[in-house]
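Going line by line, the protein sequences match chains D and V.
Each residue of the first sequence is one higher than the last, beginning at 1 in our numbering.
Each residue of the second sequence is one higher than the last, beginning at 1001 in our numbering.
Ideal placement from N, C-alpha and C gives every residue a C-beta, glycine not left out.
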Amino acid sequence: MRRLVPFAVLVGAVALLDGRLDQRFHVRVLTLAIVWALAGVAWNLMAKAGQISLGHSAFTGIGAYAFTMLLRSDADVSPWIGMVVGMGIAAFVALAVGLPTFRLKGFYFTLATISFPLILELLVAHNGDPELTVPFHPENEWRYMEFADAHTYVWIGLVMLVVALAISALIDVTSFGFTLRAIRDNEVLARAVGIRTVVWKSAAFIISAALSAAMAVLWVKAVLRVTVAEEVFGITVVIVMLSVAFVGGVGRTWGPVVGAAFLIPLAMFLDDSIGESVPGAQELVYAAALVLVALLIPDGIVPAAERGWERLVATLGVSSPRGDRVRRVLAPDPRPSSLLTVVRRPPRRRLPSPPGMPVLEVDGVAKSFGANRVLSDVAFRVRAGERLGLIGPNGAGKTTLFNIMTAHLRADSGRVLFKGVEIDRMRAPRRYELGISRTFQVPQGFHLMSPLDNVAVAAIGASVPHPMKASMAMLERVGLAGMALGELGALTVAETKTLELARAMVSDPELLLLDEPLAGLNETERIRFFETVDDLVGPETAIVVIEHSVRALIRYVESVVALDEGRIIADGSPEAVVSDPQVIKAYLGSKWMGHARDQ
Amino acid sequence: MIEFLQFLVPGILIGGVYALLASGLGLIFGVMRVVNFAQADFMMLAMYLSWAVFAGGVGMDPFLAAPLVFAAFFVGGMAVHWLFVRHVIGRRENHDAQVILTIGLGLIFQNLILIRYSSEPRIVAPSYANDGDYLGEIFISRVRLYAFLLSVVVAALLFLFLNRTRTGRAIRAASENWEAATYMGVDIGRTNLIAFGVGTALTAVGGSALVTFQSITPFVGLRFVVVMFAAVVLGGLGSVGGAFVGGVLIGIIQSVSQVWTSAAVKNVWVFGLFLLILYVRPNGLFGKVQRAI
Chain D
1 MRRLVPFAVL VGAVALLDGR LDQRFHVRVL TLAIVWALAG VAWNLMAKAG
51 QISLGHSAFT GIGAYAFTML LRSDADVSPW IGMVVGMGIA AFVALAVGLP
101 TFRLKGFYFT LATISFPLIL ELLVAHNGDP ELTVPFHPEN EWRYMEFADA
151 HTYVWIGLVM LVVALAISAL IDVTSFGFTL RAIRDNEVLA RAVGIRTVVW
201 KSAAFIISAA LSAAMAVLWV KAVLRVTVAE EVFGITVVIV MLSVAFVGGV
251 GRTWGPVVGA AFLIPLAMFL DDSIGESVPG AQELVYAAAL VLVALLIPDG
301 IVPAAERGWE RLVATLGVSS PRGDRVRRVL APDPRPSSLL TVVRRPPRRR
351 LPSPPGMPVL EVDGVAKSFG ANRVLSDVAF RVRAGERLGL IGPNGAGKTT
401 LFNIMTAHLR ADSGRVLFKG VEIDRMRAPR RYELGISRTF QVPQGFHLMS
451 PLDNVAVAAI GASVPHPMKA SMAMLERVGL AGMALGELGA LTVAETKTLE
501 LARAMVSDPE LLLLDEPLAG LNETERIRFF ETVDDLVGPE TAIVVIEHSV
551 RALIRYVESV VALDEGRIIA DGSPEAVVSD PQVIKAYLGS KWMGHARDQ
Chain V
1001 MIEFLQFLVP GILIGGVYAL LASGLGLIFG VMRVVNFAQA DFMMLAMYLS
1051 WAVFAGGVGM DPFLAAPLVF AAFFVGGMAV HWLFVRHVIG RRENHDAQVI
1101 LTIGLGLIFQ NLILIRYSSE PRIVAPSYAN DGDYLGEIFI SRVRLYAFLL
1151 SVVVAALLFL FLNRTRTGRA IRAASENWEA ATYMGVDIGR TNLIAFGVGT
1201 ALTAVGGSAL VTFQSITPFV GLRFVVVMFA AVVLGGLGSV GGAFVGGVLI
1251 GIIQSVSQVW TSAAVKNVWV FGLFLLILYV RPNGLFGKVQ RAI
């Protein structure tokens, strides 16, 4: 119910304003504020995943041209149908544009988007008409979206805006939005816990593009009245989208509405009063807004207002429920609601486990970074239920080997088999789904999310039926239930390591890779850590542990592989490996045997 | 074949100017990891400055005015860095702020110029503007040749600055690994300031090399922004040398495309190539492909 409050406020405010406005110019300002709020909401869908698009004018251009050309054609297609067609084309183009860049780091998406509207505009202006008049059909208002009363456009715009906001709000409360926030926060980790980032980013981009195309039809019909390539494909479209979204709150559903309510009237009234003598006044408003937001409140008014309110509540000592309510109305719920299961793939399928087949087989793996050979011809096997230790000096290639197993790196040669199936060509999310989980040497996290949500991302990535419940149960098992909703940064080293373990275990993996899990822990915590692992894993789970505290390790594992300079120098039982002269020479040091005897 | 050469030679000449324009963008990205969307508007401002000193009574030749433009934009660039840019660099979360800050600054420049000088195109035509020489059957425009030579001279000076001076080496160190550079005693704040000034001035000189054959409007930067980005990405983001190579290649492609398609769509080739490079070799022709796995 709380989520409906802002919708009611919006509709009420527009109704109130619309009833009082009789000057043509004022109705135009209101219409444009709605049009640009709609555009901003559409643009912001991409920003939820941390993707800044500078090319959305490609979609407004497509929307405007598609409906105008269809309306001008002999088929005399209604703008409503033209709108749907334009949305379809825009969605298709978005997919074609997005797919190649979504595999790259976030930054390249922004760069790639710059050139699309430019290409389209040049092609349209050169091969088609740089300017298309929209045929005037006063005889049938609804069929031709041709209303004599300008107020009608306000209400059509409001309906479209409400629909867009509802889509955006729905994304926020489902695993879709949850996933997008995780991608924005830490994309590499998201992929490592089974989130198919390309799919989710593409989905957001398609919806965003389609809404932008729809907005363009309203914009042309209600305001421009003529489709001009320079305008509908123009950079100004992007500037206004950026301005309303960033001023209101980047990635926030209600941000663009706030931003447009501020900026559009300001820009238009300024233009109306001094536009004759100062031609760039409108653009200067948007430009100044962008610069000021960048320097003062980079995340926008809505989050800043929330912070201000919380501080006010804290200083006044007002009882928190009220403050809490306002915060909830303004902000998307930090965690997905019961609607979480709305967007869910069928449960993952695991590979069959033929008896006797090793869970992991590393076969002749080699890897170089430039001239630096990090791994050469590494081969070993891990059986179901086996615990294997991986030791060796820093730079021996241990973590590189993990990174190859989890698709963070690709081996130059050799194979990695998981339950007899080659996984070298599979991407990170697929390997995670198959049952390979890992922790990181330098703990990774979604820092804008709570510990509970960190685990929940991994649960969603593994298609666990009730991700929130499963994550909470996991935190209870590892003893972190008390910190579930706290801040990630407030956890101790031991708690952070335990959280990493919880995140890795929520998918119920068949191969668990632990990268220096004991580093930074004291003696009690070390013992407790392995106890927690044993408590969580099933009898069939294979575990590979990289660890420098060899004494703790050899008490835990059943076999050890020792690496030095990328080669296996010894493998076998822990006792045999640690007394191997080569291992002592390369890694343990001559004092080791003395130590070991003292124990 | 001769038709091809007739487009290739001017392509190389204009490519030299693109190289200069792009080197400033590349330098700033290399040191600060800031993609400066206002870079093309510095070029636009420099074109207006060249026009002002040429047409505004002084009658100074735009090529001779290049040192003046360099000095003015070195100082101006440092001022912009100190007032605005330095507040949004360093942290990863600042990436969005960098994008909107530089876009906003560029827009402010454009519209202030629009208000002051209107959108009427301005032209700088020195007495030799239409002169040229024939090399065999290939016509070489005098002003384009001078623009290319100016770019070569500035490139040589930049090379000496980056390799032979203490500040230049600090800039290179910071661009390779700024964290390590700070441990080695490089004053990163000062290095950023100077790099931003030099980067701005390089692009500005590129602008003053353009004015003799490119009409000037407040929005002329929009036509060059993707050309500059394409050059920088082609050469590998952050590499000044790469930006030079990329600029020359872009000039050649843009020009030679006219053998097959109309001049009106020559930039479609540039934009298309830019996308292709982003898709298949995002770290540039000479860099290694890195994926966010």
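Note down the Cα distance separating valine 1226 (chain V) from isoleucine 114 (chain D), rounded to an integer number of angstroms. Locating residue 1226 (chain V) in the second sequence gives position 226, where the first residue counts as 1. Locating residue 114 (chain D) in the first sequence gives position 114, where the first residue counts as 1. Going from the Cα of valine 1226 (chain V) to the Cα of isoleucine 114 (chain D) covers about 7 angstroms.
For a contact defined as C-beta to C-beta under 8 angstroms, what are the partners of tyrosine 108 (chain D) on chain V? Here residue 108 (chain D) is taken as the residue at index 108 of the first sequence, counted from 1. What tyrosine 108 (chain D) touches in chain V: Leu1278, Pro1282.
Valine 1220 (chain V): contacting residues in chain D (beta-carbon distance under 8 angstroms): Taking the first residue of the second sequence as position 1, residue 1220 (chain V) is located at position 220. The premise fails here: valine 1220 (chain V) is roughly 13 angstroms from chain D at the closest Cβ pair, so nothing lies under 8 angstroms.
What did DSSP end up calling aspartate 412 (chain D) once you bin it into helix, strand or coil? Looking up residue 412 (chain D) in the first sequence gives position 412. Coil.
Assign glutamate 139 (chain D) to one of two classes, buried (16 or more other C-beta atoms within 10 Å of its C-beta) or exposed (fewer than that). On the first sequence, position 139 is the one that residue 139 (chain D) refers to. Burial call: exposed.
Between phenylalanine 1213 (chain V) and the rest of its own chain, which residues show a CB-CB distance below 8 angstroms, the 5 nearest in sequence each way excluded? Position 213 of the second sequence, counted from the first residue, corresponds to residue 1213 (chain V). Result list for phenylalanine 1213 (chain V): Ala1129, Ser1141, Val1143, Arg1144, Ala1147, in chain order.
Alanine 542 (chain D) beta carbon less than 8 angstroms from that of isoleucine 391 (chain D): What you label residue 391 (chain D) is simply residue 391 of the first sequence in a count that begins at 1. What you label residue 542 (chain D) is simply residue 542 of the first sequence in a count that begins at 1. No, the Cβ-Cβ distance between isoleucine 391 (chain D) and alanine 542 (chain D) is not below 8 angstroms.
For chain V, is any of its Cβ atoms less than 8 angstroms away from the one on serine 115 (chain D)? Residue numbering aside, residue 115 (chain D) sits at position 115 when the first sequence is read from its first letter. Output row for serine 115 (chain D): interface = yes.
What span of residues does the beta strand (DSSP E) with valine 545 (chain D) cover, start to end? Along the first sequence, one-based indexing puts residue 545 (chain D) at 545. That run of the beta strand (DSSP E) goes 542-546.
Helix or strand or just coil, what does DSSP make of lysine 367 (chain D)? Taking the first residue of the first sequence as position 1, residue 367 (chain D) is located at position 367. Correct three-state label for lysine 367 (chain D): strand.
Considering just the uninterrupted stretch of the alpha helix (DSSP H) at glycine 40 (chain D), what are its terminal residues? Counted from its first residue, the first sequence places residue 40 (chain D) at position 40. Its alpha helix (DSSP H) spans residues 24-47.
Status (buried if at least 16 other CB within 10 Å, exposed otherwise) for serine 573 (chain D): In the first sequence, residue 573 (chain D) corresponds to position 573, counting from 1. With fewer than 16 Cβ atoms within 10 Å of its Cβ, serine 573 (chain D) is classed as exposed.
Going by beta-carbon coordinates alone, are isoleucine 1100 (chain V) and leucine 45 (chain D) separated by less than 8 angstroms? As a first step, residue 1100 (chain V) is located in the second sequence; it is residue number 100 there, counting from the start. As a first step, residue 45 (chain D) is located in the first sequence; it is residue number 45 there, counting from the start. Their beta carbons are not under 8 angstroms apart, which means isoleucine 1100 (chain V) does not touch leucine 45 (chain D) by this criterion.
Proximity below 8 angstroms, CB of valine 1042 (chain V) to CB of glycine 1238 (chain V): Taking the first residue of the second sequence as position 1, residue 1042 (chain V) is located at position 42. Taking the first residue of the second sequence as position 1, residue 1238 (chain V) is located at position 238. The sequence given here places phenylalanine at residue 1042 (chain V); valine does not occur at that position. No; because the gap between Cβ atoms is not below 8 angstroms, this pair is not in contact.
Buried or exposed by the 16-neighbour rule on C-beta atoms within 10 Å, applied to glutamine 444 (chain D): Residue 444 (chain D) sits at position 444 when you count from the first residue of the first sequence. Flag for glutamine 444 (chain D) reads buried.
Taking a cut of 7 angstroms between CB atoms, which residues from the stretch 289-305 of chain D lie near chain V? Leu290, Val291, Val293, Ala294, Leu295, Pro298
Is it the case that the Cβ atoms of glycine 1104 (chain V) and glycine 1235 (chain V) are separated by a distance below 8 angstroms? In the second sequence, residue 1104 (chain V) corresponds to position 104, counting from 1. In the second sequence, residue 1235 (chain V) corresponds to position 235, counting from 1. Not in contact: glycine 1104 (chain V) and glycine 1235 (chain V) (Cβ atoms no closer than 8 angstroms).
Rounded straight-line distance, which links the Cα of valine 1240 (chain V) to that of glycine 1189 (chain V): Start at 1 with the first residue of the second sequence, and residue 1189 (chain V) comes out as number 189. Start at 1 with the first residue of the second sequence, and residue 1240 (chain V) comes out as number 240. C-alpha separation (whole angstroms): 20 angstroms.
Is there at least one Cβ from chain D nearer than 8 angstroms to leucine 1275 (chain V)'s Cβ? As a position in the second sequence, residue 1275 (chain V) is number 275, starting the count at 1. Chain D contact via Cβ: present.
Would you list, in sequence order, the uninterrupted beta strand (DSSP E) runs of no fewer than 3 residues that lie entirely inside the stretch 208-243 of chain D? 226-228
Looking at the structure shown, is leucine 1237 (chain V) part of a helix, part of a strand, or coil, going by DSSP? Here the question's residue 1237 (chain V) lines up with position 237 in the second sequence. DSSP places leucine 1237 (chain V) in coil when its eight states are reduced to three.
Can you round the beta-carbon distance between alanine 97 (chain D) and phenylalanine 116 (chain D) to whole angstroms, since I take them to be within the 8 angstroms contact cut? As a position in the first sequence, residue 97 (chain D) is number 97, starting the count at 1. As a position in the first sequence, residue 116 (chain D) is number 116, starting the count at 1. Looking at the sequence provided, one finds valine at residue 97 (chain D) rather than alanine. Contact flag correct, Cβ pair sits at about 6 angstroms.
Using the beta-carbon count (16 or more within 10 Å), is glutamine 582 (chain D) buried or exposed? Stepping through the first sequence from its first residue, residue 582 (chain D) is reached at position 582. Exposed: under 16 other Cβ atoms inside 10 Å.
By Cβ distance, which residues of its chain are closer than 7 angstroms to phenylalanine 1084 (chain V), with the 5 residues on each side in sequence left out? For this step, residue 1084 (chain V) is matched to residue 84 along the second sequence. So the qualifying residues of the chain are Leu1101, Leu1105.
How about alanine 1097 (chain V): is its C-beta nearer than 8 angstroms to some C-beta of chain D? Numbered from its first residue, the second sequence carries residue 1097 (chain V) at position 97. Yes - at least one Cβ of chain D is within 8 angstroms of the one on alanine 1097 (chain V).
With 8 angstroms as the threshold, decide whether the Cβ of leucine 1193 (chain V) is near any Cβ in chain D. Locating residue 1193 (chain V) in the second sequence gives position 193, counting from the first residue. No, no contact with chain D.
Is any heavy atom in the ligand ZN found nearer than 7 angstroms to the beta carbon of tyrosine 65 (chain D)? Absence of the ligand ZN is noted for the structure shown, with no ligands found whatsoever.
Use the C-beta contact count for arginine 143 (chain D): other C-beta atoms within 10 angstroms, 16 or more gives buried, fewer gives exposed. Position 143 of the first sequence, counted from the start, is the residue given in the question as residue 143 (chain D). With fewer than 16 Cβ atoms within 10 Å of its Cβ, arginine 143 (chain D) is classed as exposed.
Please give the ranges of any alpha helix (DSSP H) in the stretch 55-100 of chain D, keeping only runs that are unbroken, at least 4 residues long and fully inside the region. 57-72
On a CA-only basis, which of V:Arg1223, V:Val1198, V:Gly1016 is nearest alanine 1072 (chain V)? Give me that one, please. Along the second sequence, read from residue 1 onward, the residue named residue 1072 (chain V) stands at position 72. Of V:Arg1223, V:Val1198, V:Gly1016, the residue nearest in Cα terms is V:Val1198.
Do you know how far the Cα of valine 173 (chain D) is from the Cα of proline 332 (chain D)? Residue mapping note: residue 332 (chain D) aligns to position 332 of the first sequence, counting from 1. Residue mapping note: residue 173 (chain D) aligns to position 173 of the first sequence, counting from 1. Confidence at proline 332 (chain D) is low in this model, with a pLDDT of 44, below 50, so its placement is unreliable and no value can be given for it.
By the three-class DSSP mapping on this structure, what secondary structure does leucine 511 (chain D) have? Your numbering for residue 511 (chain D) matches position 511 in the first sequence. Strand at leucine 511 (chain D).
Taking the alpha helix (DSSP H) that glycine 1015 (chain V) belongs to, which residues open and close that run? The residue you call residue 1015 (chain V) lines up with position 15 of the second sequence. Element bounds for glycine 1015 (chain V): 1002-1032.
Please confirm whether leucine 1234 (chain V) has its beta-carbon closer than 8 angstroms to some beta-carbon of chain D. The residue you call residue 1234 (chain V) lines up with position 234 of the second sequence. Not an interface residue.
Taking only beta-carbon atoms, is histidine 1087 (chain V) less than 8 angstroms away from chain D? Position 87 of the second sequence holds residue 1087 (chain V). Interface residue, yes.
For valine 500 (chain D), the residue or residues it bridges with in DSSP: Here residue 500 (chain D) is taken as the residue at index 500 of the first sequence, counted from 1. It should be pointed out that residue 500 (chain D) corresponds to glutamate in this sequence rather than to valine. Answer is none; glutamate 500 (chain D) lacks a bridge partner.
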